[in-house]
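What follows is a short report on a single structure.
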């Protein structure tokens with residue numbers, strides 16, 4: 001003979017299972033999003049390179065300096081920091097870069 005409250009216990013067990021599953025799924029999503037956001041932080045060099053790139057795009061250069069849009073803008077990096085030069089090359093592949101140092 002089964003107790004009368006067995007359906008209630010089954011319902012409670014099912015409810016707790018759903019709560020636990022939801023909590024675990026939510027925590028996984030949170031950890032994934034936090035990891036993704038953390039991976040997207042820009043380095044100091046990336047911020048500086050983006051600044052130079054946007055400055056060049058928005059600046060109005062005199063015709064004797066840059067006669068047209070295809071003329072290269074040469075940026076020299078003093079100090080031998082190759083990481084910064086690599087980031088600049090990746091961001092602005094159409095521009096000429098010279099590494100000084």
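In this note's numbering, the protein residues as written are 1 to 101. Heads up, the beta-carbon is just placed ideally off N, CA and C, and yes, glycines get one too.
Euclidean distance between Cα positions of residue i and residue j
| i | j | result |
| --- | --- | --- |
| residue 47 | residue 84 | 10 Å |
| residue 56 | residue 16 | 59 Å |
| residue 49 | residue 78 | 14 Å |
| residue 54 | residue 18 | 50 Å |
| residue 61 | residue 81 | 27 Å |
| residue 73 | residue 42 | 24 Å |
| residue 63 | residue 44 | 32 Å |
| residue 69 | residue 89 | 17 Å |
| residue 67 | residue 58 | 15 Å |
| residue 65 | residue 71 | 9 Å |
Anticipated Cβ contact below 8 Å, residue i with residue j, distance rounded
| i | j | result |
| --- | --- | --- |
| residue 75 | residue 52 | 6 Å |
TODO: For the region 40 to 93, list the beta strand (DSSP E) runs that are entirely contained and at least 3 residues long, ordered along the chain.
DONE: 75 to 77
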